[in-house]
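Engineer: Under the working numbering, the sequence shown is numbered contiguously, ending at residue 134.
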Amino acid sequence: MKDHQVEVRVRYSETDQMGVVYHGNYIPYFEIGRVEWLRNKGISYKKMEESGIALPIVSMNINYKKSARYDELLTVHTVFKSQSSVKIEFDCAIYNESDELLTTAQFILVFVSLKTGRPTAPPDYILELLKTME
Numbered sequence: 001m002k003d004h005q006v007e008v009r010v011r012y013s014e015t016d017q018m019g020v021v022y023h024g025n026y027i028p029y030f031e032i033g034r035v036e037w038l039r040n041k042g043i044s045y046k047k048m049e050e051s052g053i054a055l056p057i058v059s060m061n062i063n064y065k066k067s068a069r070y071d072e073l074l075t076v077h078t079v080f081k082s083q084s085s086v087k088i089e090f091d092c093a094i095y096n097e098s099d100e101l102l103t104t105a106q107f108i109l110v111f112v113s114l115k116t117g118r119p120t121a122p123p124d125y126i127l128e129l130l131k132t133m134e
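#1: If Y12 sits next to Y70, beta carbons under 8 angstroms apart, how far is it from one beta carbon to the other, in whole angstroms?
#2: Report the partner residues of K87 according to the DSSP bridge assignment.
#3: Taking buried to mean at least 16 other C-beta atoms within 10 Å of its own C-beta, is L114 buried or exposed?
#4: With DSSP as the reference, label L38 as helix, strand or coil.
#5: Based on Cα-Cα distance, which residue from T15, Q17, E36 lies nearest to D3?
#6: Helix, strand or coil for P119 per DSSP?
#7: Just curious, the beta strand (DSSP E) that Y64 is in, first and last residue?
#8: Tell me, which residues are paired with E49 by DSSP?
#9: Can I53 and F90 be called in contact, C-beta distance under 8 angstroms?
#10: Thinking D102 and K131 are a contact (beta carbons under 8 angstroms), I'd like their distance in whole angstroms, please.
#11: Helix, strand or coil, according to DSSP, for E7 in the structure here?
#12: Within its chain, find whatever has a CB closer than 6 angstroms to the CB of H77; leave out the 5 residues flanking it on each side and keep chain order.
#13: I'd like to confirm the pairing. Which residues does DSSP put opposite Y95 in its beta bridges?
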């Protein structure tokens with residue numbers, strides 16, 4: 001239950017003239033992975049924000065191994081790594097249709113109150129879910 005996978009097809013607008021995915025476009029792929037990880041666990045990012053909690057990235061480390069290309073079907077793997085006080089960490093990877101590793105990433109996100117803009121403890125329902133994964 002710590003991990004989740006979602007498929008994303010590379011669109012033409014995400015590539016350069018050679019059909020290679022522009023490096024900045026991997027970040028939205030990883031975001032899709034994290035949002036779908038939450039959704040798969042029964043947590044709606046939209047509802048979390050409506051309740052006054054946001055989850056911005058405070059740190060990311062991305063390693064590019066091989067290029068993704070136009071029209072490839074990518075698989076984004078998202079794995080819960082840890083949670084402490086206001087932070088949550090994920091390890092992520094993107095594979096192509098041949099199951100070749102293209103990119104890895106590590107993300108640290110912080111639960112933030114939309115009212116104050118300050119870090120805050122995660123809601124109880126998220127804490128309960130995360131306890132089952134450690």
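Idealized CB from N, CA, C, for every residue including glycine.
Structural biologist: Well, looking at it:
#1: For Y12 against Y70, the beta-carbon gap comes to about 6 angstroms, under 8 angstroms, which counts as contact.
#2: Paired residues: S84, V110.
#3: With fewer than 16 Cβ atoms within 10 Å of its Cβ, L114 is classed as exposed.
#4: In the structure shown, L38 adopts helical secondary structure according to DSSP, grouped into three states.
#5: Nearest option by C-alpha distance: E36.
#6: In the structure shown, P119 sits in a strand (DSSP, three-state: E or B).
#7: Run containing Y64: 57 to 64, per the beta strand (DSSP E) assignment.
#8: DSSP output for E49 lists no bridge partner at all.
#9: No, the pair does not count as a contact, with Cβ atoms beyond the cut-off.
#10: Correcting the residue identity first, residue 102 is Leu in this sequence and not Asp. Rounded, the Cβ-Cβ distance is 33 angstroms, inconsistent with contact.
#11: In this structure, E7 counts as strand in the three-state DSSP scheme.
#12: Residues Q5, A93 of the same chain have their beta carbon placed closer than 6 angstroms to that of H77, with the five preceding and five following residues left out of the count.
#13: Looking at the DSSP assignment, Y95 forms a beta bridge with T75, L101.
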